[in-house]
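The structure under discussion appears below in the form of structure tokens.
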Amino acid sequence: MRASDADRDAVAERLATALTEGRLDLAEYELRLDKAMHAVVLGELRALTADLPLPPEPAEEDEGELVAAGRAALSPWRDWVDEWRWWLGGAVIMTGIWGVTSVMGGAMLPFWPLVPLGIWAAILVAAAIWPDENTGSRR
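Heads up: the sequence shown begins at 0 in numbering that gives the first Met the number 0, then just goes up one per residue.
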């Protein structure tokens, strides 16, 4: 069967790989490459690479890489949930301060933590609604 340009190019790639791996010296590479470019039938091309190992199989995607990619896709939402955890921590601390000051004052003081917590919550909700400046997508 006659060799095509694609067949010659594939053999040239294998020869180049063999050269970079040290399996061929420069003179032998040039000789084989010249023969490959002038080959007429596939048998001539096979003879040029018969003593070279087969190219390695392409590595399949590792399951860990797929899981990491899935985590990266969830990362904006995860970051947003983490922000709400910080908000909850702030709410506990501020409510505790309000409770202690109310007990020490002997009367229920106005619930002042509502103002900073409300502003903080509004910012978190806005971050979820408006698109991200860099990607143009919502969280």
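Positions of the beta carbon are idealized from the N, C-alpha and C atoms, including for glycine.
Around the beta carbon of Val91, a 10 Å sphere encloses fewer than 16 other beta carbons of the protein chains shown; the residue is thus reported as exposed.
For Gly42, the enclosing alpha helix (DSSP H) begins and ends at 41 to 48. At least 8 angstroms separates the beta-carbon of Arg7 from that of Leu51. In the three-state DSSP reduction, Arg84 falls in the helix class (H, G or I).
If the five residues before and after Gly89 are omitted, its C-beta is found closer than 8 angstroms to the C-beta atoms of Pro115, Leu116, Trp119, all from its own chain and listed in chain order. Only residues of its own chain outside the window of five on either side were considered, and among them Met107, Leu108 have a CB closer than 7 angstroms to the CB of Ser101, listed in chain order. With a beta-carbon spacing of about 5 angstroms, Arg31 and Leu14 fall inside the 8 angstroms limit used to define contacts. In the structure shown, Arg1 adopts extended strand secondary structure according to DSSP, grouped into three states. By a beta-carbon distance limit of 8 angstroms, Ala127 contacts Trp79. Their separation comes to about 6 angstroms. The criterion of a C-beta distance shorter than 8 angstroms is not satisfied by Ala2 and Leu47.
If the five residues before and after Gly98 are omitted, its C-beta is found closer than 6 angstroms to no C-beta atom of its own chain.
Per DSSP, reduced to three states, the secondary structure at Leu32 is helical.
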